[in-house]
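Enquirer: Pasting a structure below so you can have a look.
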Amino acid sequence: MEPLEIPFETKLCTPEQIAVRVKGLTRPLVFTNGCFDILHRGHVTYLAQARSLGATLVVGLNTDASVRRLGKGSERPINKLEDRAAVIAALSSVDLVTWFDDDTPLELIRSLRPDVLVKGGDWPTDKIVGGAEVTGWGGRVVSIPFRHERSTTAVVERIRDAGA
1 MEPLEIPFET KLCTPEQIAV RVKGLTRPLV FTNGCFDILH RGHVTYLAQA
51 RSLGATLVVG LNTDASVRRL GKGSERPINK LEDRAAVIAA LSSVDLVTWF
101 DDDTPLELIR SLRPDVLVKG GDWPTDKIVG GAEVTGWGGR VVSIPFRHER
151 STTAVVERIR DAGA
């Protein structure tokens, strides 16, 4: 039996390949980033909204080491980078998934040169990393208000409480 081809895996892109891969994408290009550890309704709604702001959505994921440095808890991330990347890539709203090991995605943003930089509503636009660079080359920065108050931290706490 032939192995099943998995189309969404073509959306995975190493940071070293990103400059080449992004050249073939339709503009305006939207970029967002995050951990996306345990995917929930808030994530998928947010990513769909981000995608609606342009023709292409690129998502940058924090590596496992980068997530741990964010101080979200010693057990985080729950899911390893390769699993988080595959799940995000499987979403129809996402066109390309890459990752970064730094504490912020600034170098990735500089490499991608997105037309629209997006973060969730808990980020004021003037505090979004890379915002000055994006507006400097004529792009825009958007903070998308939460439609569904969800968080991975809250999900982890509910699971922990249920097992107590």
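Each residue of the sequence shown is one higher than the last, beginning at 1 in this note's numbering. Glycine included, every Cβ here is placed at the ideal spot set by N, Cα and C. Since the model is a prediction, treat every value here as computed from it, not as a measurement.
1. When burial is assigned at 16 or more other CB atoms within 10 Å of the CB, is glutamine 147 buried or exposed?
2. With a threshold of 6 Å on Cβ separation, who are the neighbours of leucine 12 within its own chain once the five nearest residues in sequence on each side are excluded?
3. Would you report the Cα separation of leucine 106 and threonine 125, rounded to the nearest angstrom?
4. Near valine 87, what residues of its chain come up, given a Cβ to Cβ distance below 7 Å and the 5 sequence neighbours on each side ignored?
5. Can you list, in chain order, the residues of its chain whose CB lies under 7 Å from that of glycine 54, leaving out five sequence neighbours each side?
6. CB-CB under 8 Å to alanine 65, same chain, minus the five flanking residues each way: which ones, in chain order?
7. Pick out whichever of Glu133, Val67, Gly120, Asp161 has its Cα sitting closest to the Cα of arginine 51.
8. Could you give the residue range of the beta strand (DSSP E) that holds valine 58?
9. Counting along the chain, where does the alpha helix (DSSP H) carrying isoleucine 38 start and finish?
10. Look at the alpha carbon of glutamine 49 and the alpha carbon of glycine 163, and state the distance between them as a whole number of angstroms.
11. How would you label threonine 56, buried or exposed, when you count the other beta carbons within 10 angstroms and need 16 or more for buried?
12. Give the DSSP-derived three-state secondary structure of lysine 119 in the structure shown.
13. Evaluate tryptophan 137 with the Cβ neighbour count: other Cβ atoms within 10 Å of its Cβ, from every protein chain shown; 16 or more gives buried, anything less gives exposed.
14. If we count the other Cβ atoms within 10 Å of its Cβ and call it buried at 16 or more, is glycine 71 buried or exposed?
15. State the Cα-Cα distance for the pair glycine 139 and glutamate 133, rounded to the nearest angstrom.
16. If you reduce the DSSP assignment to three classes, tell me which class threonine 104 lands in.
Expert: According to the structure data:
1. Position 147 of the sequence shown, counted from the first residue, corresponds to residue 147. Per the sequence shown, residue 147 should be read as arginine rather than glutamine. So arginine 147 counts as exposed.
2. Here residue 12 refers to the residue found at position 12 of the sequence shown. Within the same chain, leucine 12 has close Cβ partners Ala85, Ala89, Val97.
3. Position 106 of the sequence shown, counted from the first residue, corresponds to residue 106. Position 125 of the sequence shown, counted from the first residue, corresponds to residue 125. So the alpha carbons of these two residues sit roughly 15 Å apart.
4. Here residue 87 refers to the residue found at position 87 when the sequence shown is read from its first residue. Excluding residues within five positions, the ones whose Cβ falls inside 7 Å are Leu39.
5. The residue given as residue 54 occupies position 54 in the sequence shown. In the same chain as glycine 54, and ignoring 5 residues on each side of it, the C-beta atoms closer than 7 Å to its own belong to Pro28, Leu29, Val30, Asp115, Val116, in chain order.
6. On the sequence shown, position 65 is the one that residue 65 refers to. Taking C-beta separations shorter than 8 Å and ignoring five residues to either side along the sequence, the partners of alanine 65 in its chain run Asp101, following chain order.
7. Looking up residue 51 in the sequence shown gives position 51. When only C-alpha atoms are compared, the closest one is Gly120.
8. What you label residue 58 is simply residue 58 of the sequence shown in a count that begins at 1. First-last of the beta strand (DSSP E) with valine 58: 56-62.
9. As a working mapping, residue 38 is identified with position 38 in the sequence shown. Note, isoleucine 38: premise wrong, no alpha helix (DSSP H); not H, not E.
10. For the purposes of this step, residue 49 is taken as residue 49 along the sequence shown, with counting starting at 1. For the purposes of this step, residue 163 is taken as residue 163 along the sequence shown, with counting starting at 1. Taking the straight line joining both Cα atoms gives about 34 Å.
11. By one-based count along the sequence shown, residue 56 stands at place 56. Of the other Cβ atoms in all chains shown, 16 or more fall within 10 Å of the Cβ of threonine 56; this residue is therefore buried.
12. One-based indexing of the sequence shown puts residue 119 at position 119. Here lysine 119 sits in strand by DSSP.
13. Numbered from 1 along the sequence shown, position 137 holds the residue referred to as residue 137. Looking at its Cβ environment, which holds fewer than 16 other Cβ atoms inside 10 Å, tryptophan 137 is exposed.
14. Position 71 of the sequence shown holds residue 71. Exposed, by the Cβ-count rule.
15. Along the sequence shown, one-based indexing puts residue 139 at 139. Along the sequence shown, one-based indexing puts residue 133 at 133. C-alpha separation (whole angstroms): 9 Å.
16. Position 104 of the sequence shown, counted from the start, is the residue given in the question as residue 104. It is coil, neither helix nor strand.
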